[in-house]
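Participant: The structure under discussion is supplied below as structure tokens; questions concerning it will follow.
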Amino acid sequence: MYLKSLEISGFKSFAKKESLDFTSPISAIVGPNGSGKSNVAEAFRFVLGEQSLKSLRGKRGEDMIFSGSKNERSLNRASVKVVFDNITRFLNIDFDEVIIERVVHKDGVNQYSINGTQVRLKDIIELLAGANIGSSGHHIISQGEADRILSVNIKERRGMIEDALGLKVYQYKISESEKKLDKVEENLKSVESLRREIKPHLKFLEKQIKKIEQSAELKDKLRDLYKEYFKREDTYLKHQKNYIRVNKLPLDEKLRELNEDLVDAKEILKKEAQPISEESSLVMELEEKLSEIRKKKSDLTRELGQMEGMIVFEERRIKREESRQREEEDRVIRFKDVKNFLSELQEELNSYGNLNVVEALERVKKSINHFIERNSKDNASVEIDFSEVEKLKREKSELEERLRNVVVNERDLSQKYDQAKSQFEKEKDSGRQAELKIFEINAKKAEVEARLNSINELDYKIKMEDENFKRELNEAFVLAGRESTQFFDFQITEDEVMAEPRRQQFDRGREIEKIKIKLEDMGAGSDEEILKEYKEVRDRDEFLEREIEDLTRSAISLKDLIVELKGRLDVEFKDGVEKINKQFNEFFALMFGGGRAEMLVVRNKKRKKSDTELELGDDSVEETEEEDSEEGIDINVALPNKKTKGLQMLSGGERSLTSIALLFAMSQIKPPPFIILDETDAALDEANSRRYGDMITSLSKYSQLILITHNRETMSRAGVLYGITMGMDGVSRLLSVKLEEAVKVAK
């Protein structure tokens, strides 16, 4: 047995928790109309993942929940739990027992779980699909669904057969492959069009590339110079940063230790100290003043270092401005020389009376005068601001003077302190060691703090130079491209960099500025843009070429796949139809005591309408011979001792038996673990009911059966009977009854 039990709580008419145990190959559920029997079949659909509320006879999720009655309040949730015996591992999960539960809440939210662990609906569907189980289909069959397979057209019937054979996956793959093929062909046309569009522009850019090759040598020189400059600057800055890091950390740690030692020493002094004399107070006062003046000295030293850094920065900025201004002045001088030459030439030509040449020279002179006046005004307007540097230098001088005064005060105060301490030592022995310790610690602390201040001043200076280095890197990237900033492979040692005077590095910076000006005059920026655009367009063309090749291969591959899938579908479908026919004929003969039945693969031809017909109507033009075909499944039956062969000639009972025989045959090709039959025997008379019972008995050898029925013959074939009844409170209840009692209930 695969199906062990079903537990229903709050689902539709089952307000109370009810449990059905399935211990027999055939279990029957009986009860009067309206008692809630069909709700059991819908509970199976619900817990197995059915998403169509219409199939569950509802419109909203809350329709699945008991809505209340005169004596019972409404509920906020409904749950259905099904338990499978999985010892044979027919479900692909490593548990001997598998419990699947679905809960729906009043707000329509659903929860799914497997063995108590919350999962997705997709997880449940995939787990059940591996065992040929679903929320509906050929293993959960109602009376209406049984007759539907005979009523649908041949194409829909083929779809039902394919579903039972598990061949829908081929149709899905074919459809998906055809969609992909359409998309690939559409993309192929689009890519070919794009490539045709960029071809003329690519040829134009190739011509432009030839024009900018003349500037390559100058750009290469700039890149090489940039690499050496950046390598040296980077090495210098890293060396200084490393020096700061290596020296600052031990000093910080030493200062922390001295502060801790100072606290301990003061605590000892506090315990041992005796009333101190005036000399003691003087010593402490001088000690504090000495500490303050040393701190002031450190602050002034740090400010002085910062001021020097700012002066260096301003002087470098002024040098760059002076360099640029000298370049402009040189140009003006050269144009003045040309102007003087033209003036002399004009006087010479005036003597010959050549008016045309003279007028041309006059125009040239005016242009040169205009250039000289404009550049003279520009140069006049560009005044290098030396005031900031002078101001900084004055402030530096003031700081140096203040520092000298502080040093003098420190020396005087230190002498006074030494004298007072000498006198104090004579007067006081108690606590002497502790005070001496404090003094030593303070002295060491002052020394460490002074060294730290020196390191901090250097750190500030290096940070400013590092910021300038980053700005220069950005400028180089914009002007000469990324390659100019890739300086790490430039071969030079740290010792060579640090041995060189810094002024040589400043000279390299000035040389770079000169080359930058020349490149700007040559239009280097636009050249870089053309190179970039050419590379982008060329890469784009090559990419499109590869895309065309890939898309062409994809289209061929998809066409081959579609042909292969259609061939496999055709072979497996025909093989499946042949197998179903064998079972169909056997079940049909069992049901009718003879006769035969078979499915036939047929092709109906339909005339296709031309575009003209679609516009003017069917009667406007003559019929064409163009036709389309539709393949499907037709059914032929031959009843024993009758000439009836068509389905339309069968009575209601005969149609019911035929549809049941076909559905049972379909289920035997890939037998599901269980089949639920919801009153599929309702239209059968007593004789046909016996045949139906024989067929159920035969079917139970392959699948576990749950039958919802009124039919006494069907009940007699069940090993377990459950009775469902509904009281005045509108609640379905499950009763255990004997066969005789079940028959009475079914009447």
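Plus 57 on top of the position in the sequence shown (first one is 1) and you've got our numbering. Note that beta-carbon positions come from the ideal geometry of N, C-alpha and C, so glycine has one too.
With H, G and I counted as helix, E and B as strand and the rest as coil, what does DSSP make of Ala533?
Facilitator: Locating residue 533 in the sequence shown gives position 476, counting from the first residue. Of the three classes helix, strand and coil, the one that applies to Ala533 here is helix, per DSSP.
Participant: Got a sec, what are the start and stop residues for the beta strand (DSSP E) Lys806 sits in?
Facilitator: Nothing about residue 806 can be reported from this structure: the residues present for the chain run from 58 to 804 only.
Participant: Going by C-alpha to C-alpha distance, which of Val139, Ile425 and Ala477 sits closest to Ser338?
Facilitator: Counted from its first residue, the sequence shown places residue 338 at position 281. Checking every option, the nearest Cα to that of Ser338 belongs to Ala477.
Participant: Please state if the CB of Arg790 and the CB of Thr782 are separated by a distance shorter than 9 Å.
Facilitator: Translated into the one-based positions of the sequence shown, residue 782 becomes position 725. Translated into the one-based positions of the sequence shown, residue 790 becomes position 733. Yes, they are a contact pair.
Participant: Can you tell me where the alpha helix (DSSP H) with Ile733 in it begins and where it stops?
Facilitator: Along the sequence shown, read from residue 1 onward, the residue named residue 733 stands at position 676. Here Ile733 belongs to no alpha helix (DSSP H); instead the beta strand (DSSP E) covers Phe731 to Asp735.
Participant: With H, G and I counted as helix, E and B as strand and the rest as coil, what does DSSP make of Gln108?
Facilitator: The sequence position of residue 108 within the sequence shown is 51, counting from 1. The answer is coil: DSSP assigns Gln108 none of H, G, I, E or B.
Participant: For Lys284, I'd like the list of residues in its chain whose CB is within less than 6 Å of its CB, leaving aside the five on either flank, ordered along the chain.
Facilitator: As a working mapping, residue 284 is identified with position 227 in the sequence shown. Phe544 and Phe547.
Participant: Once DSSP output is grouped into helix, strand and coil, what is the label at Gln175?
Facilitator: Residue mapping note: residue 175 aligns to position 118 of the sequence shown, counting from 1. If DSSP states are grouped into helix, strand and coil, Gln175 belongs with the strands.
Participant: Whose C-alpha, out of Leu626, His162 and Leu493, is nearest the C-alpha of Gly118?
Facilitator: Translated into positions along the sequence shown, residue 118 becomes position 61. It is His162.
Participant: Quick check: what's the CA-CA separation for Pro728 versus Leu714?
Facilitator: Sequence index remark: in the sequence shown, residue 728 carries index 671 (1-based). Sequence index remark: in the sequence shown, residue 714 carries index 657 (1-based). Looking at the two C-alpha atoms, the distance is approximately 20 Å.
Participant: Would the beta-carbon of Ile83 fall within 9 Å of that of Arg774?
Facilitator: Position 26 of the sequence shown, counted from the start, is the residue given in the question as residue 83. Position 717 of the sequence shown, counted from the start, is the residue given in the question as residue 774. Contact flag set, yes.
Participant: Any beta carbon from chain C within less than 9 Å of Tyr591's own beta carbon?
Facilitator: Looking for chain C here will not work: only one protein chain is present.
Participant: Hey, is the segment 247-254 in contact with the segment 595-614, meaning 3+ C-beta pairs nearer than 8 Å?
Facilitator: Between the segment 247-254 and the segment 595-614, the count of Cβ pairs shorter than 8 Å is three or higher; the stretches touch.
Participant: Report the option in Glu107, Leu184, Val209 and Ala186 whose CA atom is closest to the CA atom of Val160.
Facilitator: Here the question's residue 160 lines up with position 103 in the sequence shown. Checked all of Glu107, Leu184, Val209 and Ala186; the closest Cα to Val160 is Glu107.
Participant: Measuring only the C-alpha atoms, how far is Phe563 from Asp394?
Facilitator: For this step, residue 563 is matched to residue 506 along the sequence shown. For this step, residue 394 is matched to residue 337 along the sequence shown. Distance between the alpha carbons of Phe563 and Asp394 is about 33 Å.
Participant: Tell me which residue opens and which closes the beta strand (DSSP E) that Ser724 is part of.
Facilitator: Here residue 724 corresponds to residue number 667 of the sequence shown, with the count starting at 1. From DSSP, Ser724 is part of no beta strand (DSSP E) but of the alpha helix (DSSP H) over Gly709 to Ile726.
Participant: Where do the ends of the alpha helix (DSSP H) carrying Glu836 lie?
Facilitator: Lying before the first or after the last residue shown, residue 836 is absent from the chain, which here runs from 58 to 804.
Participant: In whole angstroms, what is the alpha-carbon distance linking Lys69 and Gly125?
Facilitator: Your numbering for residue 69 matches position 12 in the sequence shown. Your numbering for residue 125 matches position 68 in the sequence shown. Rounded to whole angstroms, Lys69 to Gly125 spans 10 Å at the Cα level.
Participant: Ordered along the chain, which non-local residues of its own chain (more than five positions away) have a Cβ less than 6 Å from that of Tyr749?
Facilitator: For the purposes of this step, residue 749 is taken as residue 692 along the sequence shown, with counting starting at 1. Taken in chain order, the residues that qualify are Asp738 and Leu741.
Participant: Using the three-state DSSP reduction, which class does Glu557 fall into: helix, strand or coil?
Facilitator: Position 500 of the sequence shown, counted from the first residue, corresponds to residue 557. Reduced to three states, the DSSP call for Glu557 is coil.
Participant: Quick check on the burial criterion: 16 or more other C-beta atoms within 10 angstroms. Buried or exposed for Leu306?
Facilitator: Stepping through the sequence shown from its first residue, residue 306 is reached at position 249. Per the 10 Å Cβ criterion, exposed.
Participant: With DSSP as the reference, identify every bridge partner of Ile781, one or two as the case may be.
Facilitator: One-based indexing of the sequence shown puts residue 781 at position 724. Ile781 pairs with Leu791.
Participant: Is it true that the CB of Arg459 sits closer than 9 Å to the CB of Leu347?
Facilitator: Against the sequence shown, residue 347 aligns to sequence position 290. Against the sequence shown, residue 459 aligns to sequence position 402. Inclusion of Leu347 and Arg459 in the CB contact set at 9 Å is not warranted, their separation being larger than that value.
Participant: Straight-line CA distance for Thr771 to Ser746?
Facilitator: Against the sequence shown, residue 771 aligns to sequence position 714. Against the sequence shown, residue 746 aligns to sequence position 689. Thr771 and Ser746: Cα-Cα distance of roughly 7 Å.
Participant: Considering just the uninterrupted stretch of the beta strand (DSSP E) at Arg134, what are its terminal residues?
Facilitator: Counting from 1 along the sequence shown, the entry for residue 134 is found at position 77. Taken as a continuous stretch (DSSP letters only), the beta strand (DSSP E) holding Arg134 covers Arg134 to Asp142.
Participant: Checking the sheet assignment: what are the DSSP bridge partners for Asp691?
Facilitator: Residue numbering aside, residue 691 sits at position 634 when the sequence shown is read from its first letter. Asp691 pairs with Leu657.
Participant: Would you call the CB atoms of Lys298 and Ile605 closer than 9 Å?
Facilitator: The residue you call residue 298 lines up with position 241 of the sequence shown. The residue you call residue 605 lines up with position 548 of the sequence shown. No, Cβ-Cβ distance for Lys298 and Ile605 is not below 9 Å.
Participant: Taking just the CA atoms, how far does Leu178 sit from Leu792?
Facilitator: For the purposes of this step, residue 792 is taken as the residue at position 735 of the sequence shown. For the purposes of this step, residue 178 is taken as the residue at position 121 of the sequence shown. One C-alpha to the other measures close to 32 Å.
Participant: Does the distance from the CB of Met656 to the CB of Leu696 come in under 9 Å?
Facilitator: Position 599 of the sequence shown holds residue 656. Position 639 of the sequence shown holds residue 696. Cβ atoms of Met656 and Leu696: not closer than 9 Å.
Participant: For Glu679, does the three-state DSSP call read helix, strand or coil?
Facilitator: Here the question's residue 679 lines up with position 622 in the sequence shown. For Glu679, the pLDDT reaches just 49, beneath the cut-off of 50, and the residue's location in the model is therefore unreliable, although a value from the coordinates is still provided. Coil at Glu679, not helix or strand.
Participant: Report the partner residues of Ala85 according to the DSSP bridge assignment.
Facilitator: The residue labelled residue 85 in the question sits at position 28 within the sequence shown. Paired residue(s): Leu764 and Leu778.
Participant: Could you pull the DSSP bridge partners for Asp78 from this structure?
Facilitator: Looking up residue 78 in the sequence shown gives position 21. For Asp78, DSSP records a beta bridge to Ser62.
Participant: Which term fits Asp735, buried or exposed, when burial requires 16 or more other beta carbons within 10 angstroms of its beta carbon?
Facilitator: Walking along the sequence shown from the start, residue 735 turns up at place 678. Buried is the call here.
Participant: Measuring straight from C-alpha to C-alpha, what distance separates Ser170 and Gly787?
Facilitator: Looking up residue 170 in the sequence shown gives position 113. Looking up residue 787 in the sequence shown gives position 730. Taking the straight line from one Cα to the other gives about 29 Å.
Participant: Per DSSP, Asn167 forms a beta bridge with which residues?
Facilitator: Counted from its first residue, the sequence shown places residue 167 at position 110. DSSP, once it has assigned bridges, lists Val161 as partnering Asn167.
Participant: Can you find the residues in the same chain that come closer than 7 Å, C-beta to C-beta, to Ser109, ignoring five residues on each side of it along the sequence?
Facilitator: Within the sequence shown, numbered from 1, the residue matching residue 109 stands at position 52. So no residue of the chain qualifies.
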